[in-house]
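Reviewing the structure listed below.
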């Protein structure tokens with residue numbers, strides 16, 4: 001059994017966001033990039049746990065991006081991933097990324113394909129689903145627990161107001177939610193080993209671009225906070241009714 | 001060509017607010033694009049649901065009346081929508097960007113191999129077959145304009161972003177239909193576990209939310225949070241340290257790695273306002289912060305603040321809300 005985890009690169013949560021090139025691009029100056037937390041903490045760590053339990057022979061990661069991402073891919077290798085692939089193109093939008101991943105997977109089949117449920121940068125949350133649709137594979141969205149029994153996966157799929165316990169045969173595409181695993185820190189041995197692990201660069205597959213980000217703007221800050229006397233909560237109720245009009 | 005909306009009313013026959021918003025949004029797009037037809041594929045809706053959809057702008061409603069258990073598998077639901085997409089000659093599907101809508105919309109975009117505009121909040125421009133929308137990015141820190149140019153399109157509308165209209169003069173063709181119940185799912189549902197009991201408000205849909213943090217000191221103090229929520233008719237939520245300490249269940253966690261919500265009113269009690277927490281709530285229309293520490297970063301992201309002890313302020317606020325509700329009932 002082979003596992004493929006797709007990882008995206010995102011600005012660190014605490015990074016100050018600004019835009020450049022007439023607000024068409026993220027200003028990357030001084031921005032620290034990390035593996036998207038949903039891809040790393042949940043999808044990737046669970047894949048490694050499954051391998052460590054003797055249920056998978058290999059865990060690979062795949063990333064869409066240019067050579068600037070190699071340091072991020074090495075972090076995944078340092079966590080214990082066996083090998084890695086980078087499709088050498090701009091990860092412009094979810095449909096484009098899913099088309100790239102689908103063509104890679106058709107040429108290099110995997111049994112279990114894991115992605116985070118969304119990136120913390122573009123917050124689209126649709127790449128895993130598009131990929132499953134393109135491949136016509138079973139799809140488990142928002143999985144907060146994942147177990148393997150032979151050729152069957154069992155997962156907790158988070159749904160509105162609860163979760164459902166689902167089962168299906170592999171191959172399958174699964175998007176990982178919080179709860180699937182816990183964050184890990186790479187150790188020195190892993191970091192040393194990562195230097196010599198394979199990072200294969202794959203040329204981009206022909207794909208259509210159907211969706212494009214045009215411009216960005218920073219969200220306006222809120223006007224100054226109105227402080228209310230703790231002994232006069234009636235004023236807050238009044239403001240929520242007459243000014244904010246929310247009650 | 002038409003726009004197709006899928007609305008799931010199977011839980012109790014009632015139409016969800018997010019589905020009405022999606023229908024209104026589809027009507028809004030149609031009105032700017034040659035008055036295309038808005039067709040709603042409704043699953044087990046009651047008469048009131050149908051009427052609300054007509055007022056929201058539906059021109060045709062196809063109501064599936066029989067139980068189709070296989071639709072719990074989103075790939076099966078995506079294929080059912082694809083079937084109607086083709087038979088109704090639609091070029092666009094509009095869905096709410098909720099747990100079901102985003103998964104089904106994504107799978108459908110894969111089946112149709114077309115563009116998808118996820119979590120949009122506003123239509124900015126239509127130029128022939130090229131639609132431009134606004135969406136939030138970087139966890140609410142910025143907005144983006146996203147352009148979708150494929151002839152077929154999937155659009156997922158972020159709940160609570162588009163007002164529900166009331167087109168009292170609209171009329172629609174309404175048909176009850178049945179579908180083949182023997183659809184084969186790819187995944188088997190073994191059991192369904194509900195987090196909440198019937199009378200509490202699900203967090204993602206809630207318009208008012210009362211949220212507690214570490215400042216409440218322990219799970220035994222959540223009674224006052226629940227009482228304030230009850231007085232307001234609000235859902236309850238919490239910050240990450242609270243679920244990490246198992247004071248509250250994980251499904252109440254809002255923030256970067258929990259739920260992202262955008263209610264009309266978010267009341268944060270004893271939450272300092274770490275950037276990871278703000279990422280999940282900064283889209284809220286109005287934010288109220290109650291905290292003993294006047295330096296708490298949350299005050300910078302709030303509209304109204306009370307610097308004070310939650311244990312004194314919250315019961316007073318609950319009493320004031322109750323009084324307000326009573327005086328406004330008459």
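Chains as they are written, first to last, in the numbering used here: chain U, 1 to 247; chain W, 1 to 330. Each residue gets a CB set at the ideal place from its N, CA and C atoms; glycine is no exception.
Select from 232(W), 116(W), 244(W) and 246(W) the residue whose C-alpha is nearest the C-alpha of residue 241(U).
232(W)
Same chain, Cβ closer than 6 Å to residue 135(U), neighbours up to 5 away in sequence not counted
102
When the distance is taken between beta carbons, is residue 245(W) closer than 8 Å to residue 206(W)?
no
In the DSSP output, which residue or residues are listed as bridge partners for residue 142(W)?
218(U) and 137(W)
Tell me the rounded alpha-carbon separation between residue 99(U) and residue 84(W).
24 Å
Under 9 Å (Cβ pairs) to chain U, residues found in the segment 86 to 114 of chain W:
97, 98, 99, 100, 102, 103, 104, 105, 106, 107, 108, 109, 110, 111, 112, 113 and 114
Is the beta carbon of residue 329(W) less than 8 Å from the beta carbon of residue 167(W)?
no
Return the chain-ordered list of same chain residues with a C-beta closer than 6 Å to the C-beta of residue 173(W), the five sequence neighbours on each side being excluded.
60
Within 10 angstroms of its Cβ, does residue 69(W) collect 16 or more other Cβ (buried), or is it exposed?
exposed
Chain U partners of residue 184(W), CB-CB under 8 Å?
By Cβ distance, chain U contributes nothing, its closest Cβ being about 11 Å from residue 184(W), past 8 Å.
State the DSSP-derived secondary structure class of residue 230(U), mapped to helix, strand or coil.
coil
Give the interface partners of residue 204(W) over in chain U, defined as CB-CB distance under 8 Å, in chain order.
160
Whose Cβ in chain W lies nearer than 9 Å to the Cβ of residue 167(U)?
187, 188, 189 and 190
So, using beta-carbon positions, are residue 211(W) and residue 267(W) closer together than 8 Å?
yes
Are the C-beta of residue 177(W) and some C-beta of chain U separated by less than 8 Å?
no
Classification of residue 124(W) by the beta-carbon crowding that lies within 10 angstroms, buried from 16 upward:
exposed
Please decide whether residue 331(W) counts as near chain U, where near means a Cβ-Cβ distance under 8 Å.
Residue coverage of chain W in this structure runs from 1 to 330, which leaves residue 331(W) outside it and unanswerable.
Is it the case that the Cβ atoms of residue 65(W) and residue 178(W) are separated by a distance below 8 Å?
yes
Looking at chain U, is there any beta carbon in it that lies within less than 8 Å of the beta carbon of residue 276(W)?
yes
Give the DSSP-derived three-state secondary structure of residue 128(W) in the structure shown.
coil
Report the neighbours of residue 10(W) on chain U: residues whose CB is nearer than 8 Å to its CB, in chain order.
Near residue 10(W) there are no residues of chain U at all, since even the closest Cβ is about 12 Å away, more than 8 Å.
Cross-strand partners of residue 208(W) (DSSP beta bridge):
265(W)
From residue 120(U) to residue 180(W), what distance separates their C-alpha atoms?
40 Å
Start and end residues, alpha helix (DSSP H) containing residue 318(W):
310 to 329
Could you say which of 290(W), 147(W) and 43(W) lies nearest to residue 302(W) if we only look at CA atoms?
290(W)
Beta carbon proximity, residue 114(U) to chain W, threshold 8 Å
no
Am I right that residue 58(W) and residue 23(W) are in contact with their C-beta atoms under 8 Å? What's the rounded C-beta distance?
6 Å
Answer yes or no: does any C-beta atom of chain U fall closer than 8 Å to that of residue 33(W)?
no
Bridge partner(s) assigned by DSSP for residue 42(W):
7(W) and 63(W)
Rounding to the nearest angstrom, what Cα-Cα distance links residue 41(U) and residue 129(W) in this structure?
40 Å
For residue 291(W), which residues in chain U fall below 9 Å Cβ to Cβ?
Here the premise fails: no neighbours, minimum Cβ distance about 11 Å.
Less than 7 Å between C-beta atoms, sequence neighbours within five positions excluded: which residues of the same chain meet that for residue 23(U)?
215, 216 and 217
Alpha helix (DSSP H) segment containing residue 259(U), residue limits
This structure leaves residue 259(U) out entirely; chain U is present only between 1 and 247.
Just verifying my parser: in three-state terms, what is the DSSP assignment at residue 149(U)?
strand
With hydrogens ignored, establish whether the beta-carbon of residue 65(U) is closer than 7 Å to any heavy atom of the ligand SAH.
Questions concerning the ligand SAH fall outside what the structure shown contains, since it holds no ligand whatsoever.
Close-in-space but distant-in-sequence residues of the same chain around residue 191(U) (CB under 6 Å, 5 per side omitted)
78
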